[in-house]
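Peer 1: Got a structure for you, questions after.
Protein chains in written order, with the working numbering: chain U, 21 to 271; chain L, 49 to 292.
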């Protein structure tokens with residue numbers, strides 16, 4: 021706990037929360053623009069399902085890159101300041117430091133997801149959506165987004181800590197964003213191989229085109245559980261391998 | 049002196065493996081775009097034009113600007129490390145040459161990216177089995193895309209010069225991509241560097257620029273941005289204290 025608070029303390033003058041909120045505002049503004057356009061072209065589209073589906077697909081592009089930026093900032097300060105040697109010359113273990121950085125990044129990205137959920141709820145209420153707020157769908161969206169972000173953080177942290185040159189980790193974030201955005205174009209089996217595809221893959225609402233009309237379908241919870249379980253296992257593996265490799269790396 | 053600065057920049061890039069980063073985006077764009085085109089040929093019937101719409105949409109609209117941001121941030125990374133700002137600013141080199149040499153090197157790297165992307169597009173089309181003639185607009189899309197890429201590079205170089213963090217200018221670029229798309233949709237595309245890319249590469253509308261006047265306006269707007277932002281960045285480089 022103390023190490024996590026020290027990690028967060030190191031971030032106090034980096035304005036990282038402010039940066040995340042500003043970037044999130046741009047994403048939210050874009051989501052609202054896309055939603056408003058959809059509603060103005062067809063007022064029947066003013067449903068919570070449509071809003072959730074749009075948010076999930078924009079998350080596929082935006083969150084992998086935002087996660088890469090957040091994790092890179094948290095890890096790069098040790099590379100830039102050459103502070104790893106200093107930290108490890110104290111009684112701190114590398115595994116603990118790795119875990120503290122992971123938890124700090126996770127806290128920030130969960131904060132982003134929660135803020136996003138609240139903002140879209142407010143948007144829906146202000147636009148007088150017919151149905152009441154579907155809290156269960158929002159909780160599922162939050163769980164899906166958070167879970168995917170946690171796995172992406174594990175992968176990004178591994179690269180950001182192992183490779184000093186942050187261009188590579190940010191390039192990975194960019195490729196992740198690309199795959200996250202285009203994931204729905206892949207066949208289901210191929211899609212399931214990419215961790216970034218789960219921003220839409222774990223969304224409680226999916227889109228389908230029938231008779232040149234777009235339909236929003238609520239997914240059954242039980243259909244997502246195997247994917248969630250597999251994702252958690254993959255995430256644990258990525259974290260363990262990353263922590264193991266970074267812990268044995270020459271500084 | 050400029051030539052020496054350029055060769056110094058090239059030396060700094062040695063062993064950086066930045067080519068891996070530069071090649072990754074065109075490869076992924078063309079692979080995904082071509083696969084999607086191949087699977088939806090019953091809907092996408094305009095052969096090369098439809099293939100371009102698939103491979104260039106996400107590349108030009110979202111990810112090429114981010115690649116440029118990564119490339120520009122990398123160009124200044126070394127200066128932000130180990131108090132290198134003090135070394136570079138006390139060396140007998142003018143601020144103009146420092147900035148221009150980085151811009152020229154980025155321009156060369158982006159030329160490589162565009163040519164590589166074009167080659168992959170042509171190979172992708174041939175592998176799929178497209179038989180019609182290659183679009184005559186292709187050189188225009190690539191050239192105008194490159195010009196807009198230089199405009200975005202100037203902006204990103206200026207941001208990465210002032211911001212010590214490697215990641216923040218890339219985040220700003222991501223936000224600018226969305227703002228640029230909004231400006232393009234609002235028919236204000238000529239007034240924002242990132243929407244100039246959308247117009248130039250014909251990613252959303254392949255008709256591109258309809259008249260000679262619109263071409264001239266496109267070039268003028270790009271030049272305006274390049275000159276204005278470069279001037280501002282060079283002024284800051286001359287007048288403000290180094291980042292510590």
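Cβ atoms here follow ideal geometry from the backbone N, Cα and C, with glycine treated the same way. Computed from a prediction, not measured in an experiment: that's the story for all the values here.
May I ask you to list the residues that DSSP assigns as paired with residue 235(U)?
Peer 2: Along the first chain, one-based indexing puts residue 235(U) at 215. According to DSSP, residue 235(U) bridges with 228(U).
Peer 1: What residues in the segment 159-187 of chain U bring their beta carbon closer than 8 Å to a beta carbon of chain L?
Peer 2: So the list reads 185, 186, 187, given in the order they occur along the chain.
Peer 1: Any beta carbon of chain U sitting closer than 8 Å to that of residue 149(L)?
Peer 2: Numbered from its first residue, the second chain carries residue 149(L) at position 101. No, no contact with chain U.
Peer 1: With distances taken from CA atoms, which of 99(L), 283(L), 152(L), 192(L) is nearest residue 168(L)?
Peer 2: Taking the first residue of the second chain as position 1, residue 168(L) is located at position 120. It is 99(L).
Peer 1: At what residues does the alpha helix (DSSP H) containing residue 49(L) begin and finish?
Peer 2: Walking along the second chain from the start, residue 49(L) turns up at place 1. Counting along the chain, residue 49(L) falls outside any alpha helix (DSSP H), and DSSP gives it neither H nor E.
Peer 1: Specify, as a first and last residue, the run of the alpha helix (DSSP H) that residue 134(U) falls within.
Peer 2: Position 114 of the first chain, counted from the start, is the residue given in the question as residue 134(U). Residues 114-146.
Peer 1: Using the beta-carbon count (16 or more within 10 Å), is residue 116(L) buried or exposed?
Peer 2: Residue mapping note: residue 116(L) aligns to position 68 of the second chain, counting from 1. That one is buried.
Peer 1: On the criterion of 16 or more Cβ atoms from any shown chain inside 10 Å, does residue 204(L) qualify as buried, or is it exposed?
Peer 2: The count along the second chain starts at 1 and reaches residue 204(L) at position 156. Flag for residue 204(L) reads buried.
Peer 1: If distances are taken between C-alpha atoms only, which option among 202(U), 206(U), 173(U) comes closest to residue 190(U)?
Peer 2: Translated into positions along the first chain, residue 190(U) becomes position 170. The residue with the shortest Cα to Cα distance from residue 190(U) is 173(U).
Peer 1: So if I threshold CB-CB distances at 9 Å, which residues from the segment 103-122 of chain L count as touching chain U?
Peer 2: Those would be 106, 107, 110, 111, 114, 115, 117, 118, 119, 121, 122, in chain order.
Peer 1: Interface residues of chain U around residue 64(L) at Cβ under 9 Å?
Peer 2: Here the question's residue 64(L) lines up with position 16 in the second chain. Result: 185, 187.
Peer 1: Residue 214(L): which of 94(U), 156(U), 134(U) sits nearest, CA to CA?
Peer 2: As a working note, residue 214(L) is residue 166 in the second chain. Closest option to residue 214(L), Cα to Cα, is 94(U).
Peer 1: For the segment 184-215 of chain L, which residues have a beta carbon sitting closer than 7 Å to at least one beta carbon of chain U?
Peer 2: Flagged, chain order: 213, 214, 215.
Peer 1: Anything in the segment 46-57 of chain U with a Cβ closer than 7 Å to a Cβ of chain L? List those residues in chain order, please.
Peer 2: Answer set for the segment 46-57 of chain U: 46, 50, 53.
Peer 1: How many angstroms separate the CA atom of residue 46(L) from the CA atom of residue 248(L)?
Peer 2: Residue coverage of chain L in this structure runs from 49 to 292, which leaves residue 46(L) outside it and unanswerable.
Peer 1: Can you round the beta-carbon distance between residue 278(L) and residue 153(L) to whole angstroms, since I take them to be within the 8 Å contact cut?
Peer 2: Here residue 278(L) refers to the residue found at position 230 of the second chain. Here residue 153(L) refers to the residue found at position 105 of the second chain. In fact, because the Cβ distance is near 15 Å, the residues do not count as touching under 8 Å.
Peer 1: I'd like to check one pair, residue 274(L) with residue 199(L): are the Cβ atoms closer than 8 Å?
Peer 2: Translated into the one-based positions of the second chain, residue 199(L) becomes position 151. Translated into the one-based positions of the second chain, residue 274(L) becomes position 226. Contact flag set, yes.
Peer 1: Over the uninterrupted alpha helix (DSSP H) stretch that includes residue 75(U), give me the two end residues.
Peer 2: In the first chain, counting from the first residue as 1, residue 75(U) sits at position 55. Residues 68-101.
Peer 1: At the level of alpha carbons, what is the spacing between residue 57(L) and residue 98(U)?
Peer 2: Here residue 57(L) is taken as the residue at index 9 of the second chain, counted from 1. Here residue 98(U) is taken as the residue at index 78 of the first chain, counted from 1. Answer to the nearest angstrom: the Cα atoms are 25 Å apart.
Peer 1: Could you tell me whether the segment 123-134 of chain U touches the segment 28-44 of chain U, where touching means 3 or more Cβ pairs closer than 8 Å?
Peer 2: Yes: the two stretches touch, three or more of their Cβ pairs being nearer than 8 Å.
Peer 1: Would you report the Cα separation of residue 75(L) and residue 152(U), rounded to the nearest angstrom?
Peer 2: Counted from its first residue, the second chain places residue 75(L) at position 27. Counted from its first residue, the first chain places residue 152(U) at position 132. Rounded to the nearest angstrom, the two C-alpha atoms are 45 Å apart.
Peer 1: May I have the straight-line CA-CA distance separating residue 100(U) from residue 65(L), to the nearest angstrom?
Peer 2: Working through the first chain from its first residue, we reach residue 100(U) at position 80. Working through the second chain from its first residue, we reach residue 65(L) at position 17. Going from the Cα of residue 100(U) to the Cα of residue 65(L) covers about 19 Å.
Peer 1: Compute every distance between the C-beta of residue 78(L) and the non-hydrogen atoms of the ligand ZN, then say whether any falls below 7 Å.
Peer 2: Absence of the ligand ZN from the depicted structure is noted, as is the absence of any ligand whatsoever, leaving it without description.
Peer 1: Residue 193(U) and residue 48(U) look like a contact to me (Cβ under 8 Å); what is the Cβ gap, rounded to whole Å?
Peer 2: By one-based count along the first chain, residue 193(U) stands at place 173. By one-based count along the first chain, residue 48(U) stands at place 28. Not really, about 20 Å apart at Cβ, beyond 8 Å.
Peer 1: Give the single residue among 195(L), 290(L), 172(L), 190(L) whose Cα lies nearest to the Cα of residue 268(L).
Peer 2: Numbered from its first residue, the second chain carries residue 268(L) at position 220. It is 195(L) whose Cα lies nearest to the Cα of residue 268(L).
Peer 1: Beta-carbon of residue 96(U) versus every beta-carbon of chain L: anything under 8 Å?
Peer 2: In the first chain, the residue the question calls residue 96(U) occupies position 76. Residue 96(U) counts as touching chain L.
Peer 1: Strictly under 8 Å for the Cβ-Cβ distance: is residue 80(L) near chain U by that measure?
Peer 2: Mapped onto the second chain, residue 80(L) falls at position 32. Output row for residue 80(L): interface = yes.
Peer 1: Which bits of chain L does residue 93(U) rub up against, with CB to CB less than 7 Å?
Peer 2: Here residue 93(U) refers to the residue found at position 73 when the first chain is read from its first residue. 213, 215, listed in chain order.
Peer 1: If we count the other Cβ atoms within 10 Å of its Cβ and call it buried at 16 or more, is residue 79(U) buried or exposed?
Peer 2: Residue numbering aside, residue 79(U) sits at position 59 when the first chain is read from its first letter. Answer is buried; the Cβ neighbour count reaches 16.
Peer 1: Can the beta-carbon of residue 280(L) be found closer than 8 Å to that of residue 53(U)?
Peer 2: Reading the second chain from its first residue, position 232 is the one you call residue 280(L). Reading the first chain from its first residue, position 33 is the one you call residue 53(U). Contact flag unset, no.
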